[in-house]
Amino acid sequence: MRQRGFTLLEVLVATLIMGIAVSGLMSALSTSMRSAARLTDYDRAALLGRQKMDELLLAAKLPKGSVIEGAWGPEVAGDLQVGWRARITPFEMLPKAPPGSFFLERIELEIWWATRDRRRTFTLEGFRRAVTTPEDVAAAGPQP
């Protein structure tokens with residue numbers, strides 16, 4: 000009479016194959032968890048960046064040509080360090096434009112965030128219509 004079952008060698012080979020499969024699965028899971036955490040940080044920074052760009056587009060009295068910057072506190076950003084740097088410059092202005100005429104301003108906004116040992120950034124750019132002031136005309140200087 001012959002017994003049915005697995006030999007010790009077959010059990011060891013099956014265990015080895017299962018071990019390799021589980022190891023690969025755990026490695027893939029670990030990689031996807033790191034990617035999900037990185038994307039969560041990027042999404043949070045992108046959301047805060049869009050909010051800041053909306054604020055800058057609506058703000059009427061902002062210094063032109065100089066850099067303004069700030070950071071979000073932990074009550075908004077959580078455990079992530081997130082900050083911003085913006086610069087507002089004239090984009091298209093008619094030569095010898097009198098005060099009160101319209102022109103286009105460009106807002107360059109850089110968002111940065113730091114995780115562990117790396118600092119990451121991305122840049123947003125927006126445009127808005129502005130009205131020429133006497134200071135803008137004086138800053139442009141004499142035009143040929």
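Numbering follows numbering that gives the first Met the number 0, with no gaps: position 141 of the sequence shown is 140. Where is the CB? At the ideal position from N, CA and C, for every residue including glycine.
Thinking just about the alpha-carbon of each residue, which of the options is nearest to the one in residue i?
| i | options | result |
| --- | --- | --- |
| Phe102 | Val130, Ala85, Trp112, Arg84 | Val130 |
| Arg43 | Gln2, Glu74, Thr132 | Glu74 |
| Leu46 | Arg118, Ile110, Ile19, Thr114 | Ile110 |
| Leu55 | Ala13, Thr132, Thr88 | Thr88 |
| Thr132 | Thr120, Met32, Ser100, Gly69 | Ser100 |
| Phe126 | Ser22, Phe90, Gln50 | Phe90 |
| Leu123 | Lys51, Ala113, Lys95 | Lys51 |
What are the partner residues of residue i, as DSSP defines its beta bridges?
| i | result |
| --- | --- |
| Leu108 | Ala85, Leu123 |
| Phe102 | Ala129 |
| Gly69 | Trp83 |
| Thr114 | Arg117 |
| Glu91 | Leu103 |
How is the alpha helix (DSSP H) around residue i delimited, first residue to last?
| i | result |
| --- | --- |
| Ala27 | 7–57 |
Below 8 Å on the Cβ atoms is my contact criterion, and I expect residue i with residue j to pass it. Report the Cβ-Cβ distance as a whole number of Å.
| i | j | result |
| --- | --- | --- |
| Glu107 | Arg128 | Wrong, their Cβ atoms sit about 17 Å apart, outside the cutoff. |
| Gly48 | Trp83 | 7 Å |
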